[in-house]
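J.:
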Amino acid sequence: MEWYWWLAILILLVFFNEYYQTKMRRNRLMKKYNNANLVDKLMKKMFWQGQSEEQLIDSLGKPLDIDQKVLKTKVKETWKYNSTGKNRYALRIIIENGEVVGWDQK
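Counting in the numbering used here, the sequence shown runs from 14 upward without gaps.
(1) Under the rule that 16 or more other beta-carbon atoms within 10 Å means buried, what is Val-83, buried or exposed?
(2) Reducing DSSP to helix, strand and coil, say where Glu-109 ends up.
(3) Going straight from the alpha carbon of Glu-102 to that of Gln-64, what length do you get?
(4) Quick one: Cα of Tyr-46 to Cα of Lys-58, how far?
(5) Give me the DSSP bridge partner(s) of Asp-80.
(6) Assuming contact is defined by CB atoms lying nearer than 8 Å, are Leu-69 and Val-113 in contact in what I supplied?
(7) Can you have a look at Val-52 and say buried or exposed, based on whether 16 or more other CB atoms are within 10 angstroms of its CB?
(8) Determine whether the beta carbon atoms of Ile-108 and Glu-66 lie at a separation below 8 Å.
Given below as C-alpha cells:
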C-alpha cells in the first residue's frame with residue numbers, strides 16, 4: 014500500500030476513537046446523573062454557580078492546583094485551570110463548602 018492509504022486509515026482510526034470515547038463518556042455520565050440536561054452541560058465543559066465539586070470534575074477534569082482556606086464557618090477552595098505561566102492560571106473557580114460560588118476567567 015502507498016503511504017497515503019496508511020495515513021487515511023490512521024486518520025479514520027483517530028476519528029473513530031474520539032467518537033467512541035465521547036459516546037462512552039456520555040453513557041457513563043447518564044448512568045451517574047440520569048439527567049440529560051445536566052449531562053449536556055457537562056459534555057460542553059460548562060460550569061455554573063451551585064455546581065458540586067464532583068460535577069465540576071466531570072465537566073472540566075481535575076484542577077492543576079488547589080488553594081484551600083479553612084475559616085470558622087466554611088471551607089473556601091480555589092481550583093485553578095489552564096496554566097499560562099508559573100503560578101498563573103486563566104481560570105480560577107471558587108468553591109465554598111463543596112459548591113461553586115464564583116470564578117475568575119482571564
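C-beta: ideal position from N, C-alpha, C; glycine also.
T.: Answer, in terms of the structure:
(1) Along the sequence shown, one-based indexing puts residue 83 at 70. That one is exposed.
(2) In the sequence shown, the residue the question calls residue 109 occupies position 96. Correct three-state label for Glu-109: strand.
(3) As a working note, residue 102 is residue 89 in the sequence shown. As a working note, residue 64 is residue 51 in the sequence shown. According to the sequence provided, residue 102 is Tyr. The question's Glu does not apply to it. Those two C-alpha atoms are separated by around 21 Å.
(4) As a first step, residue 46 must be located in the sequence shown, where it is residue number 33. As a first step, residue 58 must be located in the sequence shown, where it is residue number 45. Whole-angstrom Cα-Cα distance: 15 Å.
(5) As a position in the sequence shown, residue 80 is number 67, starting the count at 1. According to DSSP, Asp-80 shares a beta bridge with Thr-91.
(6) For the purposes of this step, residue 69 is taken as residue 56 along the sequence shown, with counting starting at 1. For the purposes of this step, residue 113 is taken as residue 100 along the sequence shown, with counting starting at 1. Yes, the pair counts as a contact, with Cβ atoms nearer than the cut-off.
(7) Along the sequence shown, read from residue 1 onward, the residue named residue 52 stands at position 39. Buried, since its Cβ has 16 or more Cβ neighbours within 10 Å.
(8) In the sequence shown, counting from the first residue as 1, residue 108 sits at position 95. In the sequence shown, counting from the first residue as 1, residue 66 sits at position 53. Going by C-beta atoms, Ile-108 is nearer than 8 Å to Glu-66.
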